Amino acid sequence: IPDKITLSITLSESNTKGKIALEELENRMEMILISNNVDIESQLKLVTLSSDFRNLLLKKTDIYKTKNYELVVDNAGVAGRILRDLESQQIANVYLSNTEYSKLEELKIELKAKAILKAKKQAEKMTKALGQQLGKAIFVSDHQTNIRLPRNIGANSYEAKFKGDLDDVEFENIRVQASVTVYFRLE
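For what it's worth, the working numbering labels the leading residue of the sequence shown as 12, then goes sequentially.
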């Protein structure tokens, strides 16, 4: 299950038709993040900021400011609560941009070790049928490790399963498969 979830949050005055200033939207977001035990200094990052000068009907002009943030949280439940709380404060331009499993490399190594043990067990059964004994491994190679990301929406995002409300958001497990080749000496 992913343990590093990145949400992209866009704060824009144009989403509120200029009724709520960007600074107010930022304050609302910060209060929500603090209430969800988010360390703003380490988990929230400003990605881009811009202003947009618009000519409107009847020669009226407006300048709308926009800021894009990336927020990293460690579980789907927190992400769901933050989505719900942001939406309640008219901050609804939030999407899942990336998910990761922080111990993926350790998991790959563990799976390869299990695959080698499985290969040894199978080889022992097959050599017993031949009336021979299995010797030491003389060649070990890992071919590939497949990582299957369930239900990709975009390049690095997942579709979450909802159980009724956003407090119960869950992500499907990341499927990881390892393939190895082992040659044993026969005795």
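The beta carbon of each residue, even a glycine, is placed where N, CA and C say it ideally should be.
Since the model is a prediction, treat every value here as computed from it, not as a measurement.
* Best match in Met137, Lys119 and Ile16 for proximity to Ile93 [C-alpha to C-alpha] -> In the sequence shown, counting from the first residue as 1, residue 93 sits at position 82. Nearest option by C-alpha distance: Ile16.
* To do: With a cut-off of 8 angstroms on the beta carbons, I'd call Lys123 and Asp153 a contact; round off their distance for me.
  => Locating residue 123 in the sequence shown gives position 112, where the first residue counts as 1. Locating residue 153 in the sequence shown gives position 142, where the first residue counts as 1. Between Asp153 and Lys123 the Cβ distance is about 5 angstroms, and since that is below 8 angstroms, they are a contact.
* Name the one or two DSSP bridge partners that Thr192 has. => Along the sequence shown, one-based indexing puts residue 192 at 181. Thr192 is bridged to Ser152.
* Asked: Which word fits Ala2, buried or exposed, when buried means at least 16 other C-beta atoms lie within 10 angstroms of its C-beta?
  -> Lying before the first or after the last residue shown, residue 2 is absent from the chain, which here runs from 12 to 198.
* Anyone know if the C-beta pair for Ala195 and Leu115 falls short of 8 angstroms? -> To locate residue 195, count along the sequence shown from 1; it is residue 184. To locate residue 115, count along the sequence shown from 1; it is residue 104. Per the sequence presented here, residue 195 reads as Phe, with Ala not at that position. No.
* Cβ-based burial, Pro13 [other Cβ within 10 Å; buried from 16] -> Sequence index remark: in the sequence shown, residue 13 carries index 2 (1-based). Buried, because 16 or more other Cβ atoms sit within 10 Å of the Cβ of Pro13.
* Alpha-carbon to alpha-carbon, Ile127 and Ile233 -> Since the first residue of the chain shown is 12 and the last is 198, residue 233 is not available in this structure.
* Considering only the beta carbon of each residue, do Asn79 and Val49 sit closer than 8 angstroms? -> Within the sequence shown, numbered from 1, the residue matching residue 79 stands at position 68. Within the sequence shown, numbered from 1, the residue matching residue 49 stands at position 38. Cβ distance not < 8 angstroms, so Asn79 and Val49 don't count as in contact.
* **Cα-Cα separation between Lys30 and Val187, rounded to whole angstroms** => Mapped onto the sequence shown, residue 30 falls at position 19. Mapped onto the sequence shown, residue 187 falls at position 176. In a straight line, the C-alpha of Lys30 is about 48 angstroms away from that of Val187.
* Cβ-Cβ distance between Ser108 and Leu18 below 8 angstroms -> In the sequence shown, the residue the question calls residue 108 occupies position 97. In the sequence shown, the residue the question calls residue 18 occupies position 7. Against a cut-off of 8 angstroms, the Cβ pair of Leu18 and Ser108 comes out as a contact.
* Using three-state DSSP, classify Asn79 as helix, strand or coil. => Reading the sequence shown from its first residue, position 68 is the one you call residue 79. Strand.
* Asked: DSSP three-state call for Ser113: helix, strand or coil?
  -> Stepping through the sequence shown from its first residue, residue 113 is reached at position 102. Coil.
* Asked: What do you reckon, are the CB atoms on Val89 and Val151 nearer than 8 angstroms?
  -> Numbered from its first residue, the sequence shown carries residue 89 at position 78. Numbered from its first residue, the sequence shown carries residue 151 at position 140. Cβ atoms of Val89 and Val151: not closer than 8 angstroms.
* Contacts around Ile185, its chain only, beta-carbon distance under 6 angstroms, and the 5 residues preceding and following it disregarded -> As a working note, residue 185 is residue 174 in the sequence shown. Answer for Ile185: Tyr112, listed in chain order.
* To do: Would you give the residue range spanned by the beta strand (DSSP E) that Ile16 belongs to?
  => Working through the sequence shown from its first residue, we reach residue 16 at position 5. Membership of Ile16 in the beta strand (DSSP E) is indicated by the continuous run Lys15 to Ser23.
* Gly146 - DSSP class collapsed to helix/strand/coil -> In the sequence shown, counting from the first residue as 1, residue 146 sits at position 135. It is a strand residue.
* Where does the unbroken alpha helix (DSSP H) through Asn38 begin, and where does it stop? -> Counting from one through the sequence shown, the residue named residue 38 turns up at place 27. Unbroken alpha helix (DSSP H) run through Asn38: Leu33 to Ser46.
* Could you tell me how far apart the beta carbons of Leu55 and Leu82 are, in whole angstroms, since I believe they sit closer than 8 angstroms? => Taking the sequence shown and counting its residues from 1, the one referred to as residue 55 is at position 44. Taking the sequence shown and counting its residues from 1, the one referred to as residue 82 is at position 71. Right, their Cβ atoms sit about 5 angstroms apart.
* Asked: Can you name the residues that DSSP bridges to Thr59?
  -> On the sequence shown, residue 59 is found 48 positions in, with the first residue counted as 1. Under DSSP, Thr59 shares a beta bridge with Asn79.
* Asp96 versus Met40 - alpha carbon distance -> Here residue 96 is taken as the residue at index 85 of the sequence shown, counted from 1. Here residue 40 is taken as the residue at index 29 of the sequence shown, counted from 1. Near 9 angstroms, if we compare the C-alpha coordinates of Met40 and Asp96.
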